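> Pasting in a structure now, in structure tokens, and then I'll have a few things to ask.
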DNA sequence: GGCTCATATTCCTTGACGGGCATATAACGA
DNA sequence: TCGTTATATGCCCGTCAAGGAATATGAGCC
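Residue numbers (my numbering), protein chains in the order written: chain A, 1 to 113; chain B, 1001 to 1113.
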């Protein structure tokens, strides 16, 4: 059951960008600053939010601090999502059934979206 | 790629509660008000946010408005999650391998952290 | 110890958000 | 048409989050 801090942490586009960066590999604050085009203080604050949400962990490497993703909270998000998955699987099932279970029926006008 | 509106919509606990309610079944505003212990105007505003994020759809039934979940945005969330899934699967794999693939090897000192 | 680089924190201002209240709108029934 | 029920909107206010600038902390180097 992900807590509010996690959601609010991810509600900010900059922070999602940081998280995406860290998915590739851990990075130092400096690298993140450069990649995100944010000021250093601003970046530090975002990192603090991510830290407090448990999304990232820091490792000290000389004067640098290297941030890395912590998979836990994102896994929690996934768990939260689980009950909803049934929902769209149902939609997809219905759609799929219409699309391929009747190969000899003329296709309906393809409700595209 | 879920947009910011979706994340911010879900960042509020009341709104997550509403979404959870709607997972069980569609509900009228009145039912939601009652279930969430929120004022009616407040509920309406939350529903507006959810609507604008695309998370819910409304159907008019006489004077009532019945809200229902739209699976789309949550599916988008799931898609966003996908790249991260590899991350914790890796952790779980590693853990699992250590736990059960070597029943006869003494466990290494377990670089814990 | 002083200096420098890397990062964190503080202060300030601004803008968005949430709640409560009152009110508007819309649909139904008499 | 009028009244009633169901929902949405506007306004006011307090709170909180974000960005910028300046500054503090902390690790390495001389």
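Backbone N, C-alpha and C define an ideal beta-carbon position, used for all residues, glycine too. Every value quoted in this text rests on a predicted model; they were computed, and no experiment measured them.
#1: Name, in chain order, the residues that DSSP records as bridge partners for residue 1067 of chain B.
#2: State buried or exposed for residue 3 of chain A, treating a residue as buried only when at least 16 other CB atoms are found within 10 Å of its CB.
#3: Are the CB atoms of residue 20 of chain A and residue 53 of chain A nearer to each other than 7 Å?
#4: Looking only at its own chain, which residues have a Cβ that is under 8 Å from the Cβ of residue 1046 of chain B, when we skip the five neighbours before and after it?
#5: Below 8 Å between beta carbons is the criterion; list the residues of the stretch 48-77 of chain A that meet it against any residue of chain B, in chain order.
#6: Is DSSP giving residue 1039 of chain B helix, strand or coil here?
#7: If you measure from the beta carbon of residue 10 of chain A to each beta carbon in chain B, is any gap under 7 Å?
#8: Give the straight-line distance between the Cα atoms of residue 57 of chain A and residue 82 of chain A, rounded to the nearest whole angstrom.
#9: Check the Cβ-Cβ distances between residue 1041 of chain B and every residue of chain A, and say whether any is below 7 Å.
#10: Looking at the secondary structure, which residues open and close the alpha helix (DSSP H) in which residue 1005 of chain B lies?
#11: Got a sec: which bits of the stretch 1079-1091 of chain B sit with their beta carbon under 7 Å from any beta carbon on chain A, in order along the chain?
#12: Contact criterion: CB-CB distance below 7 Å. Does residue 1013 of chain B meet it with respect to chain A?
The structure says:
#1: Residue 1067 of chain B sits at position 67 when you count from the first residue of the second chain. The partner list for residue 1067 of chain B (beta bridge, DSSP) reads B:1027, B:1058.
#2: As a working mapping, residue 3 of chain A is identified with position 3 in the first chain. Burial call: exposed.
#3: Your numbering for residue 20 of chain A matches position 20 in the first chain. Your numbering for residue 53 of chain A matches position 53 in the first chain. The answer is no: Cβ separation not under 7 Å.
#4: Position 46 of the second chain, counted from the start, is the residue given in the question as residue 1046 of chain B. Answer for residue 1046 of chain B: 1012, 1014, 1015, 1018, 1038, listed in chain order.
#5: 69, 71, 72, 74, 75, 77
#6: Here residue 1039 of chain B is taken as the residue at index 39 of the second chain, counted from 1. In this structure, residue 1039 of chain B counts as coil in the three-state DSSP scheme.
#7: Sequence index remark: in the first chain, residue 10 of chain A carries index 10 (1-based). Taking Cβ atoms only, chain B reaches closer than 7 Å to residue 10 of chain A, which makes this a yes.
#8: One-based indexing of the first chain puts residue 57 of chain A at position 57. One-based indexing of the first chain puts residue 82 of chain A at position 82. Those two C-alpha atoms are separated by around 25 Å.
#9: The sequence position of residue 1041 of chain B within the second chain is 41, counting from 1. With 7 Å as the cut-off, residue 1041 of chain B does not count as an interface residue toward chain A.
#10: Counting from 1 along the second chain, the entry for residue 1005 of chain B is found at position 5. 1004-1011 is the extent of the alpha helix (DSSP H) around residue 1005 of chain B.
#11: 1081, 1083, 1084, 1085, 1087, 1088, 1091
#12: Taking the first residue of the second chain as position 1, residue 1013 of chain B is located at position 13. Chain A, which has a Cβ nearer than 7 Å to the Cβ of residue 1013 of chain B, makes this yes.
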